[in-house]
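Notes follow the structure.
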Amino acid sequence: MNQIIDPWGSSIIDYDKLTQQFGIRPFGEVIDDVPNPSKLMTRGIIFGQRDYKQINDALNNNKPFATITGMMPSGKMHIGHKMVVDQLKWYQKKGSDIFLSIADMEAYAARSINKEEARKLALEEYVANYIALGLDVTKDNFHLYLQSENEEIKNLAYMIGKKVTFNQMRSIYGFDNSTNVSHIYTPLLQVADILQPQLEKYGGPKPVIVPVGPDQDPHIRLTRDLSSKFNDEFGFIEPSATFHRFMTGLTGEKMSSSKPKSAIYLTDSTKEAVKKVKSAKTGGRESLKEQKELGGQPDKCSIYELLVYHLIDDDEKLEEIKNKCLNGETLCGNCKQLAFELLEDMFEELESKREESKEIAQSLL
Ligand code: SF4
2 MNQIIDPWGS SIIDYDKLTQ QFGIRPFGEV IDDVPNPSKL MTRGIIFGQR
52 DYKQINDALN NNKPFATITG MMPSGKMHIG HKMVVDQLKW YQKKGSDIFL
102 SIADMEAYAA RSINKEEARK LALEEYVANY IALGLDVTKD NFHLYLQSEN
152 EEIKNLAYMI GKKVTFNQMR SIYGFDNSTN VSHIYTPLLQ VADILQPQLE
202 KYGGPKPVIV PVGPDQDPHI RLTRDLSSKF NDEFGFIEPS ATFHRFMTGL
252 TGEKMSSSKP KSAIYLTDST KEAVKKVKSA KTGGRESLKE QKELGGQPDK
302 CSIYELLVYH LIDDDEKLEE IKNKCLNGET LCGNCKQLAF ELLEDMFEEL
352 ESKREESKEI AQSLL
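Listed below in structure tokens is the structure:
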């Protein structure tokens with residue numbers, strides 16, 4: 002049975018099936034050419050890519066390129082979202098232009114969130130956290146905008162809409178007769194977001210990388226298709242993308258902003274974050290005896306995932322934790338203790354930067 006990818010709701014787990022069905026290529030095919038790859042790359046968290054070779058070319062030959070991501074402000078930012086910030090920071094250090102779109106028009110069409118709410122949420126919740134996590138928003142090549150206030154995006158979306166039909170939109174996104182027309186239009190805004198860095202105003206055609214979760218692949222496929230149709234007019238290069246895994250929630254299902262028990266929110270107090278870690282589901286066995294005999298299951302453990310994705314830089318240390326778990330030489334309590342100590346440091350730092358980051362965020366728009 003085919004998997005449907007829905008950017009507004011589904012949870013995707015079967016990464017192999019996804020790559021086979023939709024033609025996402027393994028990131029392993031290109032990683033050897035990446036100069037000093039990030040931990041997210043070397044640890045397989047970024048598992049897939051489309052056309053990454055042109056980004057490697059830019060990275061290795063000092064050519065201009067851009068990185069774009071968008072945020073639909075509809076809920077709280079959780080620790081899984083930090084992965085996108087880590088990637089933006091990595092590309093920013095490599096000299097990329099950074100584009101950050103606040104998808105307030107999409108939030109209105111798909112979630113009935115009005116413009117003022119979307120703006121407030123985006124700046125106070127998302128952009129402030131991006132800044133607190135270390136994204137440099139003071140650089141000239143950093144661009145932040147609200148879709149509804151960006152005339153270029155709206156004009157481009159309207160133009161490119163000429164070369165896509167309702168039938169195509171329906172087959173890509175699963176729209177039906179009850180979908181409101183504004184919602185049907187919003188993917189064209191995402192396409193325009195992704196193509197914008199290639200407009201003359203921003204230096205003309207160049208490679209663009211979009212780091213996303215696999216649920217956003219419909220936008221990538223549509224953009225690549227439409228960019229080739231406007232090649233004569235704008236000289237667009239088909240954008241590249243990478244795809245990262247979703248974090249498992251603390252309850253064992255996908256981490257989600259709408260499920261408070263599954264997620265550690267970046268605005269949680271240090272105390273709340275630590276409390277959530279203490280009650281998280283692990284890959285430990287039923288009893289101490291079983292744990293010692295059979296070993297634990299780090300591949301099914303939300304604590305181990307936290308260490309891999311966010312808390313431990315040192316690969317050897319991670320390997321040691323994994324081996325001790327598999328051999329039954331350590332207990333889940335020890336891992337939780339380590340995880341919450343490290344998380345405590347991260348959250349204390351975030352808390353200390355929060356107010357200043359909010360002020361900076363407000364000054365950007
Ligand atoms: Fe997870 Fe650590 Fe328990 Fe292993 S010992 S299942 S890594 S918490």
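Each residue of the sequence shown is one higher than the last, beginning at 2 in the numbering used here. Ideal placement from N, C-alpha and C gives every residue a C-beta, glycine not left out.
**Asked** Which word fits Val278, buried or exposed, when buried means at least 16 other C-beta atoms lie within 10 angstroms of its C-beta?
**Response** buried
**Asked** Can the beta-carbon of Leu307 be found less than 8 Å from the beta-carbon of His79?
**Response** no
**Request:** Answer yes or no: the CB of Leu312 versus the heavy atoms of the ligand SF4, is any distance below 7 Å?
**Result:** no
**Request:** Output the boundary residues of the beta strand (DSSP E) element that contains Ala67.
**Result:** Ala67 to Met72
**Request:** Confirm the yes/no value for this check: CB of Thr283, any heavy atom of the ligand SF4, distance under 7 Å.
**Result:** yes
**Request:** Determine the burial state of Val182: buried for a count of at least 16 other Cβ atoms within 10 Å of its Cβ, exposed for fewer.
**Result:** exposed
**Prompt:** Name the DSSP bridge partner or partners of Gly49?
**Reply:** Pro27 and Phe244
**Request:** Might you give, ordered along the chain, the residues of its own chain that have their beta carbon closer than 7 Å to the beta carbon of Gly76, omitting 5 neighbours on each side?
**Result:** Ser258 and Ser259
**Message:** Taking the alpha-carbon of Lys54 as reference, which of Leu41, Asp33 and Met248 has the nearest alpha-carbon?
**Reply:** Asp33
**Prompt:** Which of the three DSSP states, helix, strand or coil, is assigned to Ser102?
**Reply:** strand
**Item:** Residues bridged to His144 (per DSSP)
**Value:** Phe100
**Request:** Compare the beta carbon distance of Ile25 and Tyr310 with 8 Å and say whether it is the shorter of the two.
**Result:** no
**For Val211, three-class secondary structure by DSSP** = strand
**Asked** With respect to 7 Å, is the separation between the Cβ of Lys293 and the closest non-hydrogen atom of the ligand SF4 below this value?
**Response** no
**Request:** Can you tell me which of the three DSSP states Lys260 falls into?
**Result:** coil
**Prompt:** So does the region 200-219 actually touch the region 242-250, counting three or more Cβ pairs closer than 8 Å?
**Reply:** yes
**Message:** Quick check: Asp61 and Val31, are their CB atoms within less than 8 Å of each other?
**Reply:** The sequence given here places Asn at residue 61; Asp does not occur at that position. Contact: no.
**Item:** the ligand ADP heavy atom lying under 7 Å from the CB of Arg171
**Value:** The model depicted lacks the ligand ADP and carries the ligand SF4 instead.
**Prompt:** For the ligand SF4, is there a heavy atom less than 7 Å away from the beta-carbon of Lys318?
**Reply:** no
**Message:** Is Thr139 near the ligand SF4 - that is, is its Cβ less than 7 Å away from at least one heavy atom of it?
**Reply:** no
**Item:** DSSP beta-bridge partners of Lys255
**Value:** Thr249
**Request:** Give me the Cα-Cα distance between Ala123 and Tyr131, rounded to the nearest whole angstrom.
**Result:** 10 Å
**Asked** With respect to 7 Å, is the separation between the Cβ of Thr268 and the closest non-hydrogen atom of the ligand SF4 below this value?
**Response** no
**Request:** Given a cut-off of 8 Å, decide if Ser97 and Thr139 are closer than it, judged by their beta-carbon atoms.
**Result:** no
**Request:** Report the residue from Gln338, Phe167, Glu320 and Glu357 whose alpha carbon sits nearest the alpha carbon of Ala274.
**Result:** Gln338
**Asked** Cβ atoms of Tyr174 and Ser102: under 8 Å apart, would you say?
**Response** no
**Asked** Would you say the beta carbon of Ile114 comes nearer than 7 Å to a heavy atom of the ligand SF4?
**Response** no
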